[in-house]
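Trainee: The structure under discussion is supplied below as structure tokens; questions concerning it will follow.
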Amino acid sequence: MTAPESHPTPHTSTSTGTQVEWKLRMTAAQRGVWTGTELRRLLAERAGLELSAASVSALFTKQPSQVKLSTLAALCTALDCTPGDLLTLRETVPQPGPSPSPRAAPASALPSPFAVAPAPAPLNRSLPPL
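Each residue of the sequence shown is one higher than the one before, starting from 1 at the first, in the numbering used here.
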């Protein structure tokens, strides 16, 4: 199995303003599991999941962009925890943009009566797998 794609910082969904924090390392430490090697052994013994050392290391040290539900279930079984112990959702407060300048817009910035409206911005959503 290849190492999961990951990001060093918590993932933020711009459409909803929700931030996801991956807390595997803290959850494992609270249960006396300090290394990826220990976690890998627990995953195999308690959950029957064999992951490569690189995959466990990536899960243990980085914020994954995605996690299979079967892997999440195995982590919960191995660490005797719930998904809520491994993931935290936080609402982020949107930062206001710069305030508009009180000066009048130049004539070239005014909309033309024949201009075509731009397409709406995508909603930052992806389709579910088929």
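We treat Cβ as the ideally placed atom computed from N, Cα and C, and that holds for glycine.
Values in this document were obtained by computation on a predicted structure and should not be read as measured data.
By DSSP, does R46 sit in helix, in strand, or in coil?
Mentor: DSSP places R46 in helix when its eight states are reduced to three.
Trainee: For Q30, which of helix, strand or coil comes out of DSSP?
Mentor: In the structure shown, Q30 sits in a helix (DSSP, three-state: H, G or I).
Trainee: CB-CB under 6 Å to V56, same chain, minus the five flanking residues each way: which ones, in chain order?
Mentor: The residues are G36, L39, R40.
Trainee: Please state whether DSSP places T88 in a helix, a strand or coil.
Mentor: Residue state, collapsed to three classes: strand.
Trainee: Look at the Cβ atom of K23, then the Cβ atom of D85, and state whether they are nearer than 8 Å.
Mentor: Yes, the Cβ-Cβ distance between K23 and D85 is below 8 Å.
Trainee: Consult DSSP for V56 and reduce its assignment to one of helix, strand or coil.
Mentor: In this structure, V56 counts as helix in the three-state DSSP scheme.
Trainee: Identify the continuous beta strand (DSSP E) that holds T18 and give its terminal residues.
Mentor: T18 -> beta strand (DSSP E) spans 18-22.
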